[in-house]
Amino acid sequence: MGTDRILILASAACAYPGADAVGQAHLSYPANTFVLRVPSPVVFPESFYYDSFEKGIGGIIVMSCGVECPYEGAYEKLAARIDRVSLGLKEQGINPRRLKLTSICTVCTKSFLKEVADMNSILAYEGAET
Amino acid sequence: MNSEEVKIGVYICHCGGNISDKVDVEKVAEDAGNLPDVTVSRTYTFMCADPGQELIVEDIEKHGLNRIVVASCSPSLHETTFRSAVVRGGLNQFLYEHVNIREQVSWVHASTGEATAKATTLVRAAIARVRHHEPLSLIRVGATSRALVLGGGVAGLRAALDLAVYGLPVTIVEKSSRLGGQVAEFGTVFPTGESGAELVRTLVRDVSALEEITVLTGARVTGATGYVGNFTVMVEQERGDGSTEDLEIPAGAVIVATGSRPYEPDMGEFGFGQFPEVVTLPDFIQILNETRADGDLTVNGKMIRRAAFIHCVGSRQIEGIQKPKPGRPLNENCSRICCTATLKAESDLIEKFPGVFVYDLYRDIRTYGRNHEEIYERASRDGVSFLCYEPATPPVVTMAAPDDTGNLLITVKDNLTAGMEIEVAVDLVVLAVGMEPADVGPLAESLKLPAGADGFLQEVHPKLRPVEMAVAGVVLAGTCQSPRDIEESCASASAAAVKVAGLLTRGHVDLEPYVARVNADRCEGTGICLSQCEYDGALKIVESVIDGRAIRKAVVNEALCTGCGACVAVCPTRAIDINGWTLDQFEAMVDAMCADPVEVASD
Ligand SMILES: Cc1cc2nc3c(=O)[nH]c(=O)nc-3n(C[C@H](O)[C@H](O)[C@H](O)COP(=O)(O)OP(=O)(O)OC[C@H]3O[C@@H](n4cnc5c(N)ncnc54)[C@H](O)[C@@H]3O)c2cc1C
Ligand code: SF4
Ligand code: SF4
Chain R
1 MGTDRILILA SAACAYPGAD AVGQAHLSYP ANTFVLRVPS PVVFPESFYY
51 DSFEKGIGGI IVMSCGVECP YEGAYEKLAA RIDRVSLGLK EQGINPRRLK
101 LTSICTVCTK SFLKEVADMN SILAYEGAET
Chain Y
131 MNSEEVKIGV YICHCGGNIS DKVDVEKVAE DAGNLPDVTV SRTYTFMCAD
181 PGQELIVEDI EKHGLNRIVV ASCSPSLHET TFRSAVVRGG LNQFLYEHVN
231 IREQVSWVHA STGEATAKAT TLVRAAIARV RHHEPLSLIR VGATSRALVL
281 GGGVAGLRAA LDLAVYGLPV TIVEKSSRLG GQVAEFGTVF PTGESGAELV
331 RTLVRDVSAL EEITVLTGAR VTGATGYVGN FTVMVEQERG DGSTEDLEIP
381 AGAVIVATGS RPYEPDMGEF GFGQFPEVVT LPDFIQILNE TRADGDLTVN
431 GKMIRRAAFI HCVGSRQIEG IQKPKPGRPL NENCSRICCT ATLKAESDLI
481 EKFPGVFVYD LYRDIRTYGR NHEEIYERAS RDGVSFLCYE PATPPVVTMA
531 APDDTGNLLI TVKDNLTAGM EIEVAVDLVV LAVGMEPADV GPLAESLKLP
581 AGADGFLQEV HPKLRPVEMA VAGVVLAGTC QSPRDIEESC ASASAAAVKV
631 AGLLTRGHVD LEPYVARVNA DRCEGTGICL SQCEYDGALK IVESVIDGRA
681 IRKAVVNEAL CTGCGACVAV CPTRAIDING WTLDQFEAMV DAMCADPVEV
731 ASD
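In order, the protein sequences belong to chains R and Y. Just so you know, our numbering puts the end of the first sequence at 130, numbered straight through with nothing missing. Just so you know, our numbering puts the end of the second sequence at 733, numbered straight through with nothing missing.
Take a look at the structure:
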């Protein structure tokens, strides 16, 4: 395993139930995925992302509610932060595609699977590079 | 964290075999049991069953546990169940951590070895987090003693009457100019044969007699704000002179009873819109009611001698056979009421006009309810001629030849005669249209009410919390949730009323304590957090003078903070956290996820 671990920051109102919906449909995806349930991913400071990569997380998918976010203005702040961290990662020579912001709704099972598959192919590519 | 010795109890659920068929639960429990401060680690067949919950209660008492972790199904199902067990054991409910190893592990991963390794890691992460949990108190806020019922059909009326009996004031907001919904338009209703209009009259009379109930007709919701116990619903009501009046209605809870509407067939679907002799079932019921029995039955000026009813129009749709309407999904479900309603209409027709010959073209007959089967038998006795079609070869409606016995020709491959192609000429085609959800409007958008893939509003769980929505304080009544008959609509309305009464008769509601809190020792009063907070008054900087020096500290107003955490991310000294969701906890979990990988046993 090592750097192929994917951290999923899932909003409690949308993305977490979305991940549950994938399970209820008995669809399948790789087991290198670890979901953290959070009220809103806006809570994480920039340092959280850098530290997580430092600790050995391979990829981070931020699954927010997007425009459906129950909290005023939280999505916009989150998106701006992810943009800044992506630039920072690039400066550090880390592939910014290892961090992805996306919106997942409570029934978005296909999008959930696609995001996980996409991140896994990015990590596989990285793995082949190094 | 408090200084007492941490004693953690860990419970891994088999969920029958739902989890243990994929995850080696004994191995997960063994791994957890070897971690520091884990006093008890066990597995059980069904943790949510009484004996499972009792394990937790007994272990807390016997071993002095002060932190509990349960790895089972999704927290949406049983987090509250296990919290209540923790409370029965004498602990604060927030000293509990839930791990989802069913929906997010055993049901989604193919390999037993990998599923077991992932479950082990997730349990380790939960143990890392639970150490940081602190006792928290629910935030008690006053609740408005009034319920708002949106929609005044039978479900809305039933719910309002029940609430008034519990002594709660109710406001019914009905968009049309009259109460009663669809039922008011039916003649007699199955299975009792009583008059729909009379049923509605009785309900409306009872509603009018109660001073607890205020009725607003010709009224539409334009928006809503607030949360359980304290919603404000904005309503625009038409006045007699054509102008409108804006109202703001405070409500502690909202019952959504917006009902359904009949599916409108597409242009040309079974000849609808193309031939005037093709009508929908609700239209036909009205025509039949309005026609006197001593004359002839005429539709659009033509006398009806033969009629055909086609089932499942707009219901049980199949991808590749039917096309969805723009912006709507296919309706794959059975609308449930149309079979019985169709058979009843057929008998009503024959009994009122004995000369009319009736064909019934069905896919399946689903007279599922109590006493509905009698209606099927009655139609058979009345001489209805049944033809059974396959979904892939639906009946085709065309213009009949001028010398035919009817105006329209129906061609159908009939299963009852070994797939023979049969042609029947008729004067009238009645489409048994299914149910579509009504438009709930701006209330759904403002309060973010979830709907299922079929567009009907969605309950939290069909069995465990069948009338509550995920949005606390909003409950469902009647056919806005799914197709159902009057009896079922009223049953769910009464259930919704009890839920609301239970919530509002206490005069207060307890909110989750997940709001921001400031560590005053760390706070330097920079106020950066304020710049991020979108909620007026949730955060402020308070100045005080200590030892002659002015000290500035951020202070949270718990009733106004929503716990979004926008402030947390920017505090340079990490002085702000969300109760129960601290950055320390998230970091501890990531550490556990990155620790030495769990060995994966080959399958
Ligand atoms: C053809 C047909 C025949 C049927 N026959 C029978 C029968 O014989 N026996 C039986 O038991 N059941 C029968 N049913 C089922 C029955 O009609 C429903 O069970 C019943 O109408 C459900 O009541 P409701 O209050 O949920 O919805 P509705 O009757 O649809 O009432 C909803 C009300 O909400 C209002 N509303 C909608 N949207 C809004 C909004 N956004 N804001 C404010 N107000 C709104 C509507 O104007 C309406 O007054 C039949 C159904 C059909 C289609
Ligand atoms: S109730 Fe009967 S007519 Fe209606 S959708 Fe179900 S099977 Fe078809
Ligand atoms: S958590 Fe959100 S609502 Fe609460 S103080 Fe911080 S920014 Fe404001």
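Yeah, the Cβ is synthetic: ideal placement off N, Cα and C, and Gly gets one too.
Worksheet item: Can you tell me whether Y/ASP151 is buried or exposed, with buried defined as 16 or more other CB within 10 angstroms of its CB?
Response: For this step, residue 151 of chain Y is matched to residue 21 along the second sequence. Exposed, by the Cβ-count rule.
Practice prompt. Compute every distance between the C-beta of Y/ASP490 and the non-hydrogen atoms of ligand 1, then say whether any falls below 8 Å.
Written response: Here residue 490 of chain Y refers to the residue found at position 360 when the second sequence is read from its first residue. Proximity of the beta carbon of Y/ASP490 to ligand 1 is not indicated: no heavy atom of the ligand is located closer than 8 Å.
Discussion item. Please give the ranges of any alpha helix (DSSP H) in the stretch 359–423 of chain Y, keeping only runs that are unbroken, at least 4 residues long and fully inside the region.
Written reply: As far as the stretch 359–423 of chain Y is concerned, its whole alpha helix (DSSP H) runs of at least 4 residues are 411–420.
Fill in: Interface residues of the stretch 14–30 of chain R facing chain Y [CB-CB below 7 Å]
Correct list: PRO17, ALA19, ASP20, VAL22, GLY23, GLN24, HIS26, LEU27, SER28 and TYR29.
Practice prompt. Taking 9 Å as the cut-off, decide whether the C-beta atoms of Y/VAL556 and Y/TYR498 are in contact.
Written response: Stepping through the second sequence from its first residue, residue 556 of chain Y is reached at position 426. Stepping through the second sequence from its first residue, residue 498 of chain Y is reached at position 368. Remark: C-beta atoms of Y/VAL556 and Y/TYR498 do not approach each other more closely than 9 Å.
Worksheet entry | Which of helix, strand or coil DSSP assigns to Y/GLY667 | Counted from its first residue, the second sequence places residue 667 of chain Y at position 537. Y/GLY667: coil per DSSP, three-state reduction.
Worksheet item: Can you find a CB in chain Y that lies within less than 9 Å of the CB of R/LYS100?
Response: For the purposes of this step, residue 100 of chain R is taken as residue 100 along the first sequence, with counting starting at 1. Output row for R/LYS100: interface = no.
Discussion item. Between the alpha carbons of Y/LEU660 and Y/CYS697, how many angstroms are there, rounded?
Written reply: Working through the second sequence from its first residue, we reach residue 660 of chain Y at position 530. Working through the second sequence from its first residue, we reach residue 697 of chain Y at position 567. When rounded, the distance between both Cα atoms is 7 Å.
Worksheet entry | Three-way DSSP call (helix, strand, coil) for Y/MET319 in this model | To locate residue 319 of chain Y, count along the second sequence from 1; it is residue 189. In the sequence as presented, Met is not what sits at residue 319 of chain Y; that position holds Val. Correct three-state label for Y/VAL319: coil.
Discussion item. I'd like to know if Y/ARG261 contacts chain R, where contact means its C-beta is closer than 9 Å to some C-beta of that chain.
Written reply: Translated into the one-based positions of the second sequence, residue 261 of chain Y becomes position 131. By this cut-off, Y/ARG261 is not an interface position.
Practice prompt. Using DSSP bridges, identify the partner residues of Y/ASP544.
Written response: For the purposes of this step, residue 544 of chain Y is taken as the residue at position 414 of the second sequence. According to DSSP, which records beta bridges pairwise, Y/ASP544 is partnered with Y/MET550.
Worksheet item: Can you list, in chain order, the residues of its chain whose CB lies under 7 Å from that of Y/VAL700, leaving out five sequence neighbours each side?
Response: Counting from 1 along the second sequence, the entry for residue 700 of chain Y is found at position 570. Result list for Y/VAL700: ILE658, CYS659 and GLN662, in chain order.
Discussion item. Which residues of the stretch 571–586 of chain Y have a Cβ closer than 8 Å to any Cβ of chain R? Give them in chain order.
Written reply: So the close ones are LYS578, PRO580, GLY582 and ALA583.
Discussion item. Give me the subset of the stretch 91–122 of chain R whose CB atoms are less than 8 Å from a CB atom of chain Y, sorted by chain position.
Written reply: Cβ contacts with chain Y: THR106 and VAL107.
Discussion item. Give the list of continuous beta strand (DSSP E) stretches no shorter than 3 residues that lie fully inside the stretch 493–537 of chain Y.
Written reply: The DSSP assignment places complete beta strand (DSSP E) segments of no fewer than 3 residues inside the stretch 493–537 of chain Y at 515–518 and 526–529, in order along the chain.
Worksheet item: Can you find a CB in chain R that lies within less than 9 Å of the CB of Y/ASP721?
Response: Working through the second sequence from its first residue, we reach residue 721 of chain Y at position 591. Taking Cβ atoms only, chain R reaches closer than 9 Å to Y/ASP721, which makes this a yes.
Practice prompt. Put R/ILE122 into one of helix, strand or coil per three-state DSSP.
Written response: Counted from its first residue, the first sequence places residue 122 of chain R at position 122. In this structure, DSSP gives R/ILE122 a helical state, which the three-state scheme calls helix.
Worksheet item: Excluding the five sequence neighbours on either side, which residues of its own chain have a C-beta within less than 7 Å of the C-beta of R/PRO70, listed in chain order?
Response: Residue numbering aside, residue 70 of chain R sits at position 70 when the first sequence is read from its first letter. The residues are ALA13.
Worksheet item: Which residue or residues does DSSP assign as beta-bridge partners of R/LEU9?
Response: As a first step, residue 9 of chain R is located in the first sequence; it is residue number 9 there, counting from the start. Secondary-structure assignment with DSSP links R/LEU9 through a beta bridge to R/LEU36 and R/VAL62.
Fill in: Segment limits, alpha helix (DSSP H) that includes Y/PRO205
Translated into positions along the second sequence, residue 205 of chain Y becomes position 75. Y/PRO205: member of the alpha helix (DSSP H) spanning 205–218, first to last residue.
Worksheet item: Among the residues of its own chain, which have a CB less than 6 Å from the CB of Y/THR175, if the five just before and after it don't count?
Response: One-based indexing of the second sequence puts residue 175 of chain Y at position 45. Correct list, in chain order: HIS144.
Discussion item. The beta strand (DSSP E) that contains R/LYS100, what's its start and end?
Written reply: Position 100 of the first sequence, counting from 1, holds the residue named residue 100 of chain R. First-last of the beta strand (DSSP E) with R/LYS100: 99–103.
Practice prompt. Report all residues from its chain with a CB closer than 7 Å to the CB of Y/LEU652; omit the five preceding and five following residues, and keep chain order.
Written response: Working through the second sequence from its first residue, we reach residue 652 of chain Y at position 522. Per the sequence shown, residue 652 of chain Y should be read as Arg rather than Leu. So the qualifying residues of the chain are THR703, ARG704 and ALA705.
Practice prompt. For R/ARG5, return the contacting residues in chain Y, with the cut-off set at a CB-CB distance below 8 Å.
Written response: Stepping through the first sequence from its first residue, residue 5 of chain R is reached at position 5. Per Cβ cutoff of 8 Å: MET723 and CYS724.
Discussion item. Just list the residues that DSSP pairs Y/ASP640 with in beta bridges.
Written reply: The residue you call residue 640 of chain Y lines up with position 510 of the second sequence. Partner(s): Y/ARG270.
Discussion item. Please list, in chain order, the chain Y residues whose beta carbon lies closer than 8 Å to that of R/ILE57.
Written reply: To locate residue 57 of chain R, count along the first sequence from 1; it is residue 57. Neighbours of R/ILE57 in chain Y, taken as residues at a C-beta separation under 8 Å, are given in chain order as VAL720, MET723 and CYS724.
Item to complete: Give the residues of chain C in contact with R/ARG81, contact being defined as C-beta atoms less than 8 Å apart.
Response: As a matter of chain content, chain C is missing from the structure shown, whose protein chains are R and Y.
Practice prompt. Please specify which runs of the beta strand (DSSP E), each continuous and at least 3 residues long, are wholly inside the stretch 133–198 of chain Y, giving them in chain order.
Written response: With a minimum length of 3 residues, the continuous beta strand (DSSP E) runs that stay inside the stretch 133–198 of chain Y are 138–143 and 168–174.
Worksheet item: Quick one: what's Y/TYR226 bridged to in DSSP?
Response: Position 96 of the second sequence holds residue 226 of chain Y. Partner(s): Y/ILE198.
Worksheet item: How should Y/MET550 be labelled, buried or exposed, when 16 other C-beta atoms within 10 angstroms of its C-beta is the threshold for buried?
Response: For this step, residue 550 of chain Y is matched to residue 420 along the second sequence. Y/MET550 is exposed by the Cβ-count criterion.
Item to complete: Determine which residues share a DSSP beta bridge with Y/PHE487 and list them.
Response: Position 357 of the second sequence, counting from 1, holds the residue named residue 487 of chain Y. Beta bridge pairing from DSSP links Y/PHE487 with Y/ARG436.
Discussion item. Which residues does DSSP list as the beta-bridge partners of Y/ILE681?
Written reply: Translated into the one-based positions of the second sequence, residue 681 of chain Y becomes position 551. Answer is Y/SER674.
Worksheet item: In the DSSP assignment, what residue or residues form a beta bridge with Y/HIS591?
Response: Here residue 591 of chain Y refers to the residue found at position 461 of the second sequence. Answer is Y/ARG595, bridged to Y/HIS591.
Discussion item. Between Y/THR362 and chain R, is the shortest Cβ-Cβ distance under 9 Å, so that the two count as touching?
Written reply: Translated into positions along the second sequence, residue 362 of chain Y becomes position 232. It does not; no Cβ of chain R falls within 9 Å.
Worksheet item: Do you know whose CA, among R/ILE8, R/ASP118, R/THR33 and R/CYS108, lies nearest Y/VAL235's CA?
Response: The residue labelled residue 235 of chain Y in the question sits at position 105 within the second sequence. Selected option, being the one with the closest Cα: R/THR33.
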